[in-house]
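Residue numbers (our numbering): 105 to 185.
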C-alpha cells in the first residue's frame with residue numbers, strides 16, 4: 105500500500121485534474137500502479153504515456169504527452185491527496 109505525501113507533487117495515490125490545451129476539456133484522474141489502471145474509472149497508470157509525464161510535476165505546469173500516434177499538451181490544474 106502506497107501512502108501519498110501531502111505535498112503538491114504528482115505521485116501514485118494522488119488525484120490530478122488536467123486540461124487538454126487543444127480543446128480545453130478537463131478531466132480528473134487518480135494516479136495508480138499498472139495493475140490498478142482502469143481508465144473508465146479515471147484510474148491512470150503512472151506508466152502510461154500521460155501518467156509518465158505527469159509524475160513529479162505540480163499544478164500550474166504544462167507538459168507535453170508523446171503517445172504512439174499523437175502528441176499533445178496538458179496543463180495541470182489541481183493536485184490532491
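From the three backbone atoms N, C-alpha and C, an ideal C-beta is built for every residue, glycine too.
* For residue 148, name the three-state secondary structure that DSSP assigns. => Position 44 of the chain shown holds residue 148. Reduced to three states, the DSSP call for residue 148 is strand.
* Asked: Straight-line CA distance for residue 176 to residue 156?
  -> On the chain shown, residue 176 is found 72 positions in, with the first residue counted as 1. On the chain shown, residue 156 is found 52 positions in, with the first residue counted as 1. Rounded to the nearest whole angstrom, the C-alpha separation of residue 176 and residue 156 is 14 angstroms.
* CB contact flag (residue 113, residue 161, <9 angstroms) -> Reading the chain shown from its first residue, position 9 is the one you call residue 113. Reading the chain shown from its first residue, position 57 is the one you call residue 161. The answer is yes: Cβ separation under 9 angstroms.
* Check each candidate in 123, 135, 126 and name the one with the smallest Cα separation from residue 185. => For the purposes of this step, residue 185 is identified with residue 81 of the chain shown, where counting begins at 1. Among 123, 135, 126, the Cα nearest to that of residue 185 is on 135.
* Contacting residues, own chain, Cβ-Cβ under 7 angstroms from residue 140 (five flanking each side not counted) -> For the purposes of this step, residue 140 is identified with residue 36 of the chain shown, where counting begins at 1. Excluding positions up to five away in sequence, the list reads 147.
* To do: Could you please give the first and the last residue of the uninterrupted alpha helix (DSSP H) stretch that includes residue 157?
  => Your numbering for residue 157 matches position 53 in the chain shown. First-last of the alpha helix (DSSP H) with residue 157: 153 to 158.
* To do: Find the nearest neighbour of residue 124 within the set 154, 138, 118, judged by alpha-carbon distance.
  => As a working note, residue 124 is residue 20 in the chain shown. When each option's Cα is compared against that of residue 124, the closest is 154.
* To do: Determine the contact status of residue 152 and residue 183, defining contact as a CB-CB distance below 9 angstroms.
  => For this step, residue 152 is matched to residue 48 along the chain shown. For this step, residue 183 is matched to residue 79 along the chain shown. For residue 152 and residue 183, no; Cβs fall outside 9 angstroms.
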